[in-house]
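Following full-length UniProt numbering, the numbering of the sequence shown begins with 1 at its first residue and continues without gaps. Note that beta-carbon positions come from the ideal geometry of N, C-alpha and C, so glycine has one too.
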Amino acid sequence: MIDELGKNESSCRKPDDSVDGTVVAGTVVECAKPGATSAIDAAADASAKDSAAMMETFIRGMPKVELHLHIEGTLMPELQIQLAKRNGMMSKLRHKTVEDLRGAYNFEDLAAFLNLYYEGCSVLLNEVDFYDLTAAYLENARRNNVRHVEIFFDPQAHTSRGVPFDAIVNGIHQALVDGEAKHGITSRLIMSFLRNLPADDAMATLEEALPHADKIYAVGLDSNELGNPPEKFRRVFDRAREEGGFLAVAHAGEEGPPSYIRGALDALHVARIDHGVRCMEDPDLVQRLVEGRIPLTVCPLSNVKLRVFGSMEEHNLKDMLHRGLCVTVNSDDPAYFGGFMNDNYLVGTVLLHILVHFDFDPLVLCSHQWITWL
Numbered sequence: 001m002i003d004e005l006g007k008n009e010s011s012c013r014k015p016d017d018s019v020d021g022t023v024v025a026g027t028v029v030e031c032a033k034p035g036a037t038s039a040i041d042a043a044a045d046a047s048a049k050d051s052a053a054m055m056e057t058f059i060r061g062m063p064k065v066e067l068h069l070h071i072e073g074t075l076m077p078e079l080q081i082q083l084a085k086r087n088g089m090m091s092k093l094r095h096k097t098v099e100d101l102r103g104a105y106n107f108e109d110l111a112a113f114l115n116l117y118y119e120g121c122s123v124l125l126n127e128v129d130f131y132d133l134t135a136a137y138l139e140n141a142r143r144n145n146v147r148h149v150e151i152f153f154d155p156q157a158h159t160s161r162g163v164p165f166d167a168i169v170n171g172i173h174q175a176l177v178d179g180e181a182k183h184g185i186t187s188r189l190i191m192s193f194l195r196n197l198p199a200d201d202a203m204a205t206l207e208e209a210l211p212h213a214d215k216i217y218a219v220g221l222d223s224n225e226l227g228n229p230p231e232k233f234r235r236v237f238d239r240a241r242e243e244g245g246f247l248a249v250a251h252a253g254e255e256g257p258p259s260y261i262r263g264a265l266d267a268l269h270v271a272r273i274d275h276g277v278r279c280m281e282d283p284d285l286v287q288r289l290v291e292g293r294i295p296l297t298v299c300p301l302s303n304v305k306l307r308v309f310g311s312m313e314e315h316n317l318k319d320m321l322h323r324g325l326c327v328t329v330n331s332d333d334p335a336y337f338g339g340f341m342n343d344n345y346l347v348g349t350v351l352l353h354i355l356v357h358f359d360f361d362p363l364v365l366c367s368h369q370w371i372t373w374l
């Protein structure tokens, strides 16, 4: 359309047929004269940049709820090096500088990411380490205008190295308490079981968690999805619900098939699915999720970084919203995937158009629904 205006002088003449100029997005451009096309294009570009800047300002200032956040995945390279030095761990790190660490964040799949993720976990040894990690995340959350966050932690990644369970949960919990007082950010703590480990290991972890039921609100399931269906942890989740009074969520349908989502709903009785993007391959499952208003915590940057989708243009978030699914936007492991909450909302014009089209309503309503449910 713009090119045609630049090429056809009759299309932009004034009623008196004088060809002196017109206004496009606040910029006067001459019609049907040399350079007209480039001038109009420049004006259109300026208008687009203004709109993008306005949208970015709006998103950065918008209050947000984060429902899918792994605290170990917020370990920024700078803090990882700092903790490694403090704990005498530098000799055990493959990547010994911030630059080397950032250069390693190029993953082929979930398994490749998890290898680096667990290496990062190795610098977390003491209660103060978990406190500092959580406090640093809350500072980032404040800058992203996050008002409520639900945080996963992976105790098995640490107790397997000899770190006491009490040190893990007490450090995180105290930082959350202090963070609410300092930043006004409310929070809930979700203990995740590593699905690549035996169910008996998860049961032992649950045993350690029961005395901390006042600090932990829910149990979840994460790590390598393929080959580790939810049904493997049925007994663990049953006991968590019966003895700990814990609520239940689970990662499903990220790399794993739609049947894993069904398994999480039927075997684990979860009220929320973390990720869930592969539900779109099963129309009956989609209908069930829509009718049940079951929230799906989608992580755009994570999905692209881990190559669940080749690009944001290929992401199915738009289709999920159009089908009436209850979807929220989250950052997952922001230190590794290149962005916290604002970045996930601003991850390209495709996502912006989706959010504008829906007036943000599904995202806001679903986030509120989850808080109310807790």
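Residue i versus residue j: straight-line alpha-carbon distance, rounded
i: valine 28; j: serine 51; result: The predicted model places valine 28 with a pLDDT of 29, which falls under 50 and marks its position as unreliable; any figure quoted below should be read in that light. The straight-line gap from Cα to Cα measures roughly 19 Å.
i: leucine 317; j: phenylalanine 130; result: 33 Å
i: proline 211; j: aspartate 166; result: 10 Å
i: proline 295; j: arginine 272; result: 5 Å
i: lysine 182; j: valine 128; result: 18 Å
i: histidine 275; j: proline 257; result: 12 Å
i: isoleucine 59; j: threonine 74; result: 21 Å
i: glycine 292; j: valine 65; result: 21 Å
i: residue 375; j: glutamate 243; result: Since the first residue shown for the chain is 1 and the last is 374, residue 375 is missing from the structure and cannot be characterised.
i: histidine 251; j: serine 259; result: 12 Å
i: asparagine 196; j: methionine 54; result: 44 Å
i: alanine 218; j: phenylalanine 246; result: 5 Å
i: arginine 161; j: threonine 57; result: 44 Å
i: glutamine 174; j: glycine 184; result: 14 Å
i: glutamine 156; j: isoleucine 71; result: 14 Å
i: isoleucine 216; j: isoleucine 172; result: 11 Å
i: valine 304; j: aspartate 282; result: 21 Å
i: methionine 90; j: threonine 134; result: 21 Å
Range of the contiguous beta strand (DSSP E) that encloses residue i
i: glutamate 66; result: 64-70
i: methionine 191; result: 186-194
i: threonine 297; result: 296-298
i: alanine 204; result: Segment 199-209 is the alpha helix (DSSP H) holding alanine 204; no beta strand (DSSP E) there.
i: alanine 252; result: 250-252
Three-state secondary structure assigned by DSSP to residue i
i: glutamate 150; result: strand
i: valine 163; result: coil
i: isoleucine 216; result: coil
i: leucine 365; result: Summary for leucine 365: the model assigns pLDDT 45, below 50, so the residue's position carries little reliability; its value from the coordinates is reported in the next sentence. Helix, per DSSP.
i: valine 123; result: coil
i: residue 383; result: Outside the displayed range of the chain (1 to 374) lies residue 383, so it cannot be described from this structure.
i: valine 308; result: coil
i: alanine 104; result: coil
i: alanine 135; result: helix
i: proline 34; result: In this prediction, proline 34 scores a pLDDT of 48, lower than 50, which makes its location untrustworthy; the coordinate-derived value is nonetheless stated afterwards. Note: proline 34 maps to coil in three-state DSSP.
i: aspartate 222; result: strand
i: threonine 328; result: strand
i: leucine 114; result: helix
i: leucine 247; result: strand
i: aspartate 129; result: helix
i: phenylalanine 233; result: helix
i: threonine 97; result: coil
i: glycine 73; result: helix
i: histidine 269; result: coil
i: asparagine 145; result: coil
i: residue 375; result: Look at the range of the chain in this structure, 1 to 374, and you will see that residue 375 is not part of it.
i: alanine 25; result: Any reading at alanine 25 must be qualified, since the residue scores a pLDDT of 29, below 50, and its modelled position is unreliable; no value is offered.
Residue i: first and last residue of the uninterrupted alpha helix (DSSP H) it sits in
i: histidine 322; result: 317-322
i: aspartate 274; result: Counting along the chain, aspartate 274 falls outside any alpha helix (DSSP H), though it belongs to the beta strand (DSSP E) covering 273-275.
i: alanine 240; result: First-last for alanine 240: undefined, no H or E at that position.
i: arginine 262; result: 258-266
i: aspartate 284; result: 283-292
i: proline 77; result: 77-86
i: methionine 90; result: Where methionine 90 is concerned, there is no enclosing alpha helix (DSSP H), given that its DSSP letter is neither H nor E.
i: asparagine 344; result: 341-345
Nearest-angstrom Cβ-Cβ length linking residue i and residue j, presumed shorter than 8 Å
i: phenylalanine 153; j: leucine 189; result: 7 Å
i: arginine 241; j: alanine 199; result: The Cβ separation is near 15 Å, so there is no contact.
i: arginine 278; j: glycine 253; result: 4 Å
i: glutamate 255; j: leucine 226; result: 6 Å
i: proline 63; j: asparagine 140; result: With a Cβ gap of about 15 Å, proline 63 and asparagine 140 do not count as contacting.
i: alanine 204; j: proline 230; result: Contact flag wrong, Cβ pair sits at about 19 Å.
Proximal residues to residue i (C-beta, below 8 Å), its chain only, five neighbours per side dropped
i: glutamate 180; result: Thr186 and Ser187
i: leucine 87; result: The sequence as given places asparagine at residue 87; leucine does not occur at that position. The residues are Val123, Leu125, Asn126 and Asp129.
i: leucine 116; result: Ala104, Tyr105, Phe107 and Tyr336
i: alanine 248; result: Ala218, Val219, Gly220, Phe237, Ala240, Arg241, Leu268, His269, Val270 and Ala271
i: alanine 136; result: Thr74, Met76 and Leu79
i: arginine 147; result: Pro63, Lys64, Val65, Gly184, Ile185 and Thr186
Cutoff 7 Å; reference residue i; Cβ partners in own chain excluding five residues on either side
i: leucine 306; result: Phe107, Asp109, Leu110 and Phe113
i: glutamine 80; result: Leu101, Gly120 and Val123
i: valine 329; result: Val298, Pro300, Asn344, Tyr345 and Leu363
i: histidine 68; result: Asp274, Thr297, Cys299, Asn330 and Asp332
i: glycine 324; result: Val290
i: histidine 158; result: Cys121, Leu124 and Ile168
i: asparagine 342; result: Ile59, Arg60 and Asn144
Cutoff 9 Å: residue i Cβ touching any chain B Cβ
i: proline 63; result: Given the protein chain composition of this structure (a single chain), no chain B is represented.
Close beta carbons around residue i, own chain, < 6 Å, minus the five adjacent residues each side
i: valine 177; result: none
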